[in-house]
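J.:
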Amino acid sequence: MKQLFAHIDDPELATLDGYSRRGGYEMLRMALQMEPQDVLQEMLDSGVRGRGGAGFAMGKKMSFIPKGTMDKYLVCNADESEPGAFKDRELMQKNPHQLIEGIIIGAYAIGANKSFIFIRGEYQYPADVLDAALAEARTAGYVGERILGSDHTLDLVVHRGAGAYICGEETALLDALEGKRGNPRLKPPFPAVQGLYKGPTLINNVETLMNVPVVMRLGGAEYAKIGTETSTGTKVVSISGCVQRPGNYEVVLGTPAREIIFGLAGGPPPGRTIKAWFPGGSSAPVLPGTDEYLDLPYDFDSLAKAGSMLGSGSIIIVDDSISIVDVALKTAKFYRHESCGKCTPCREGTNWTVRMLERVQTGEATPMDLDIMASVQEQIIGNCLCVLGDSMAMPISAMIKHFRDEFEAHIKEAREANGLGAAIPQVNRGRQAGPYPMLDPADVDPTAAVA
Amino acid sequence: MAIDPTEVPRFAHGSRVPGWDEAADLSKDPAVVPDPATTPVPDHVRIAIAAQMAKYPDVRSAAIPALHIIQREHGWCSPTAIEQAACVMRLTPAYLTAVATFYDMFSTTPKGRHDVYVCTNISCSLRGADAIYQEMLSAAGDDPDFHVQSFECLGACDIAPMASVDGEYVGPLDGDDCARIVDDVKAGRAVLPDKQLRKRKAAGA
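Which chain is which? The protein sequence lines are R and Z, in order.
Using the working numbering, read the first sequence as starting at 5 and increasing by one per residue.
Using the working numbering, read the second sequence as starting at 38 and increasing by one per residue.
Put into structure tokens, the structure is as follows:
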């Protein structure tokens, strides 16, 4: 059932000859014979959902692009910076032509004449591979004016970023592509209405666009039969952290998570058990490594129902030798560094979360800090222009929810190690304390010292 | 990027030292678009930036590619370098400086020629990246040619712990590899040929 990984390790696949010999660019020929509306219909029928993180149906997103002859753009989001995600890198490096073919077909369906691949600056080698593949495609007449004798014209540019996680967010990506600082924009207007250079813009992830030729080959209805009813097709899953065989694996959506983690990636090192796992990159709420969660089918809806998300399909495994406090601090520090600073809840929330976690780590905290920390996360979610802050808030609040005992045990241990004595429960002291009193003031001895 | 609070100069009692965020010298006139007649720009830089500008409907889109070009040319985004790019692109130096300070790959302070980015994000740190970073720092020592930086996820968690040496991804690293990286770079050889990501087979092939 491998659609994207079928010949992935064949070095010829990256060349035009090798790709064409395996049926490459045939789907482009076929698509150009069809009406753009029919190509779009195939995408709608396929039910293919965005592989970049949000999981929005690609066909629907395409159908939001207005019809007409204005300047429209298709932007491929190859700014893969989510911790734990590395699928696009391997796909672009080894199978660049399938991405280019997907972009050309996608651009034809929405009537875009200008297209960009926004690739993160650190991916120098994949960007070089793409540049070489693009030059080949241009020489062969697949990119440029009047492609293969049709009326469709497409100019494609590989644009290298310069290292900013926020640029993976679609509106920040557009700002970066326009040569500005990568700050997200207020939505609406959505990019489909007013995006790059104020024109309607379709933004899709690398893997999503690489599925376009697959949908064309199988037909939308046939593609929809792969996977589950609401999560169709195959997904390249990046698995990393405490596993024996980290790497990219292409699986049918709906495969049990256990089969991916243990069957394909070999599970945690011998003698270790899974303490926690991120099902969809570091932005996804953490799930404990219990059977209840490991037996979940790996698809968009099952994970959402379990309180997490599939995200970009990047599993990070944390085994029982790792302290959850360290994981939380690492996660929070990443988002503090990457917050662009435009919205206050995210700029301040990420910073204060790191400071509180540092207090937890050094033993200066009390269990009440965990409640304050949880409330800070709640105040970030949904209150910013983009979801960067939410991406920290969701895993941190999930960690506090699932591993509260460990946090409290760590605080106790660290306090004792530093000679700070036991944490004394605090009561709500008005403005100075957080919003969640631990105890009813009536139950507390007012003469006791406050930690 | 967000300002790292630990880098803000502070008094012992915690208050900021005044002046750390004074962005502009108000006694000077604001810098305007540099005059091509008085701003020398090497021809190859001008041609490279102009080629980038031609790719986009709006020339400002070439800001990031232009900064990559001048950083390669000058080693860092120095005021002179930014002035050259601003001159070719007909933008103010302030505009390009604003862009350059946002992105992690641009440096507005002098740095070593060879970039060694050590990933210290979650997946790599679960496999000992913090120790590798310390090892790398001591292997490079105070050699001014090296710019060792801990970096957020570089997108190669399958070879964790890993580093990007002048754009070449290498991993999984152990302690001894750090000294080998320094030797390979100094000798001008390919870095850790046996551990390069580009040669690695896909796990799920």
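The beta carbon of each residue, even a glycine, is placed where N, CA and C say it ideally should be.
Does any residue of chain R bring its CB to less than 8 Å from the CB of Met142 (chain Z)?
T.: By this cut-off, Met142 (chain Z) is an interface position.
J.: Here's a check: name, in chain order, each residue in its chain whose Cβ is nearer than 6 Å to the Cβ of Glu84 (chain R), leaving out the five neighbours to either side.
T.: The answer, listed in chain order, is Asp92.
J.: Within its chain, find whatever has a CB closer than 8 Å to the CB of Gly270 (chain R); leave out the 5 residues flanking it on each side and keep chain order.
T.: Excluding residues within five positions, the ones whose Cβ falls inside 8 Å are Val247, Gln248 and Arg249.
J.: What are the residues of the stretch 56-87 of chain R that lie near chain Z, defined by any Cβ-Cβ distance shorter than 8 Å?
T.: Answer in chain order: Asp75, Glu84, Ser85, Glu86 and Pro87.
J.: Please give the ranges of any beta strand (DSSP E) in the stretch 123-172 of chain Z, keeping only runs that are unbroken, at least 3 residues long and fully inside the region.
T.: Qualifying beta strand (DSSP E) stretches, in chain order: 151-156.
J.: Out of curiosity, what's the CA-to-CA distance linking Arg25 (chain R) and Thr175 (chain R)?
T.: So the alpha carbons of these two residues sit roughly 38 Å apart.
J.: Between the stretch 298-324 of chain R and chain Z, which residues of the former have a C-beta closer than 7 Å to a C-beta of the latter?
T.: Those would be Ile320 and Val322, in chain order.
J.: With 7 Å as the C-beta to C-beta threshold (strictly closer), list the residues of the stretch 164-189 of chain Z near chain R in chain order.
T.: The residues in question are Glu189.
J.: What did DSSP end up calling Met215 (chain Z) once you bin it into helix, strand or coil?
T.: According to the sequence provided, residue 215 (chain Z) is Cys. The question's Met does not apply to it. Residue state, collapsed to three classes: helix.
J.: List, in chain order, every chain R residue whose beta-carbon is nearer than 9 Å to that of His105 (chain Z).
T.: The contacting residues are Gly125, Arg164 and Ala166.
J.: Return helix, strand or coil for Leu206 (chain R), following the three-state DSSP convention.
T.: Strand.
J.: Within 8 Å (strictly less), CB to CB, does Thr19 (chain R) reach chain Z?
T.: For Thr19 (chain R), the answer is no, since every Cβ of chain Z falls outside 8 Å of its Cβ.
J.: Over the uninterrupted alpha helix (DSSP H) stretch that includes His111 (chain Z), give me the two end residues.
T.: Note, His111 (chain Z): alpha helix (DSSP H), Ala100 to His111.
J.: Leaving aside the five residues before and after Ala164 (chain R) along the sequence, list all residues of the same chain whose C-beta is less than 7 Å from its C-beta, in chain order.
T.: Reading the sequence as shown, one finds Arg at residue 164 (chain R) and not Ala. So the qualifying residues of the chain are Ile123, Gly125 and Ala131.
J.: Quick check on this structure: which residue in R:Tyr201, R:Pro195 and R:Glu16 has the alpha carbon closest to the alpha carbon of Val96 (chain Z)?
T.: For Val96 (chain Z), the nearest C-alpha among the options comes from R:Tyr201.
J.: Show which residues of chain R have a CB atom less than 8 Å away from the CB atom of Ala99 (chain Z).
T.: Simply Gly183.
J.: Going by Cα to Cα distance, which pick from R:Asp373, R:Pro272, R:Ala336 and R:Tyr302 is closest to Arg164 (chain Z)?
T.: Nearest of R:Asp373, R:Pro272, R:Ala336 and R:Tyr302 to Arg164 (chain Z), Cα basis: R:Pro272.
J.: Does Thr234 (chain R) come out as helix, strand or coil in the three-state DSSP assignment?
T.: In the structure shown, Thr234 (chain R) sits in coil (DSSP, three-state: anything other than H, G, I, E or B).
J.: What residues in the stretch 243-267 of chain R have a beta carbon less than 7 Å from any beta carbon of chain Z?
T.: Cβ contacts with chain Z: Ser244, Gly245, Cys246, Arg249, Pro250, Gly251, Asn252, Tyr253 and Glu254.
J.: Run through DSSP, which three-state label would Glu140 (chain R) get?
T.: It is helical.
J.: Just checking my contact of Ser242 (chain R) with Arg55 (chain R) at CB under 8 Å: how many whole Å lie between their CB atoms?
T.: With a Cβ gap of about 11 Å, Ser242 (chain R) and Arg55 (chain R) do not count as contacting.
J.: Closer than 8 Å, CB to CB, is Pro102 (chain Z) near chain R or not?
T.: So yes, Pro102 (chain Z) belongs to the interface.
J.: If we count the other Cβ atoms within 10 Å of its Cβ and call it buried at 16 or more, is Ala137 (chain R) buried or exposed?
T.: Counting Cβ neighbours within 10 Å, Ala137 (chain R) comes out buried, since at least 16 surround it.
J.: For Leu392 (chain R), which residues of its own chain have a beta-carbon under 7 Å away from its beta-carbon, when the five flanking residues on both sides are left out?
T.: Within the same chain, Leu392 (chain R) has close Cβ partners Ile170, Glu173, Tyr339, Glu342, Ser343 and Cys350.
J.: Across the stretch 101-120 of chain R and the stretch 227-236 of chain R, are there enough close Cβ pairs to call them in contact, namely three or more that are closer than 8 Å?
T.: Counting Cβ pairs under 8 Å, fewer than three are found: no touch.
J.: Got a sec? Which residues, its chain only, sit under 6 Å from Gly285 (chain R) by beta carbon, not counting five neighbours each side?
T.: Glu86, Gly88, Ala89, Gly315, Ser316 and Ser318, listed in sequence order.
J.: Under a CB-based cut-off of 8 Å, is Val202 (chain Z) close to chain R?
T.: So, not an interface residue.
J.: With the cut-off set at 8 Å, would you say Ile278 (chain R) and Gly267 (chain R) are in Cβ contact?
T.: Their beta carbons are not under 8 Å apart, which means Ile278 (chain R) does not touch Gly267 (chain R) by this criterion.
J.: Please go through the stretch 37-61 of chain R and give each complete alpha helix (DSSP H) segment of 4 or more residues, from N-terminal end onward.
T.: Fully enclosed alpha helix (DSSP H) runs of 4 or longer: 40-50.
J.: Closer than 8 Å, CB to CB, is Lys232 (chain Z) near chain R or not?
T.: Not one chain R Cβ lies under 8 Å of Lys232 (chain Z).
J.: Is Ala402 (chain R) near Pro289 (chain R), with beta carbons less than 8 Å apart?
T.: Yes, they are a contact pair.
J.: For His101 (chain R) and chain Z, any beta-carbon pair shorter than 8 Å?
T.: Answer no: the Cβ-Cβ gap between His101 (chain R) and chain Z never drops below 8 Å.
J.: Let me confirm a value: Ile114 (chain R) is counted as buried when at least 16 other C-beta atoms fall within 10 Å, else exposed. Which label applies?
T.: Buried: at least 16 other Cβ atoms inside 10 Å.
J.: Got a sec: is the Cβ-Cβ distance from Asp4 (chain R) to anything in chain Z below 8 Å?
T.: Residue 4 (chain R) is absent from the structure shown; chain R starts at 5 and stops at 455.
J.: Measuring CA to CA, which of Z:Arg226, Z:Ser187, Z:Cys124 and Z:Phe143 is closest to Ala168 (chain Z)?
T.: It is Z:Ser187 whose Cα lies nearest to the Cα of Ala168 (chain Z).
J.: If you follow the beta strand (DSSP E) that Phe282 (chain R) is part of, which residue opens it and which one closes it?
T.: Segment Ile278 to Phe282, the beta strand (DSSP E) holding Phe282 (chain R).
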